[in-house]
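S.K.: Below are the structure tokens for one structure; questions will follow.
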Amino acid sequence: MKFLIIAEGGVLPSASEFTSFLNARWPGATVKQISNPERSYDLEFSVPMADSRLEGLLHKTRGSMTFEGAPLRELAKFVQWYRSLVPSHVSLLFCDESMNGEVRVTSSMTASELLQAFHDSGG
Numbered sequence: 314m315k316f317l318i319i320a321e322g323g324v325l326p327s328a329s330e331f332t333s334f335l336n337a338r339w340p341g342a343t344v345k346q347i348s349n350p351e352r353s354y355d356l357e358f359s360v361p362m363a364d365s366r367l368e369g370l371l372h373k374t375r376g377s378m379t380f381e382g383a384p385l386r387e388l389a390k391f392v393q394w395y396r397s398l399v400p401s402h403v404s405l406l407f408c409d410e411s412m413n414g415e416v417r418v419t420s421s422m423t424a425s426e427l428l429q430a431f432h433d434s435g436g
């Protein structure tokens, strides 16, 4: 299943900023610039997690990112880390592709709290 982070009221870090932050946090991460103008995404990335690899795409508009491939507990850690990169005035929504679960991610939320809120919202 695919998951999304959606920025409401602002934009996400640029592709170059995201790449720098990602490589600093996960040195084994890989990032590939997408140069096809017909594609909606700027970057493709892969992050080694404890038990898997998270695969994702950063949208060209910097309004969202899509990712999949890791267990929810590891996704929650990624989302919590990502929240720390985004200014607090930008509201972040974490959801699955069907919008069965959705959470407004705050900077004070732990990964466990984020996961619990996701489950409580139907995810």
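Take the sequence shown: its letters are residues 314 to 436, numbered as in my numbering. Cβ coordinates follow ideal geometry from the N, Cα and C atoms, glycine included.
V465 lies in the alpha helix (DSSP H); which residues open and close that run?
M.R.: Because the chain here runs from 314 to 436, residue 465 falls outside it and cannot be looked at.
S.K.: Is it the case that the Cβ atoms of L385 and R396 are separated by a distance below 9 Å?
M.R.: No, these two residues do not count as a Cβ contact at 9 Å.
S.K.: How many Å lie between K345 and Y354 at the Cα?
M.R.: About 11 Å.
S.K.: To which residues of the same chain is G435 closer than 7 Å at the C-beta, ignoring the five residues directly before and after it?
M.R.: So the qualifying residues of the chain are N413, G414.
S.K.: Please go through the same chain and pick out, in chain order, the residues whose beta-carbon is closer than 8 Å to the beta-carbon of L335, but skip the five residues on each side of it.
M.R.: Correct list, in chain order: A342, V344, F358, V360.
S.K.: I'd like to check one pair, S401 with L325: are the Cβ atoms closer than 9 Å?
M.R.: Contact flag unset, no.
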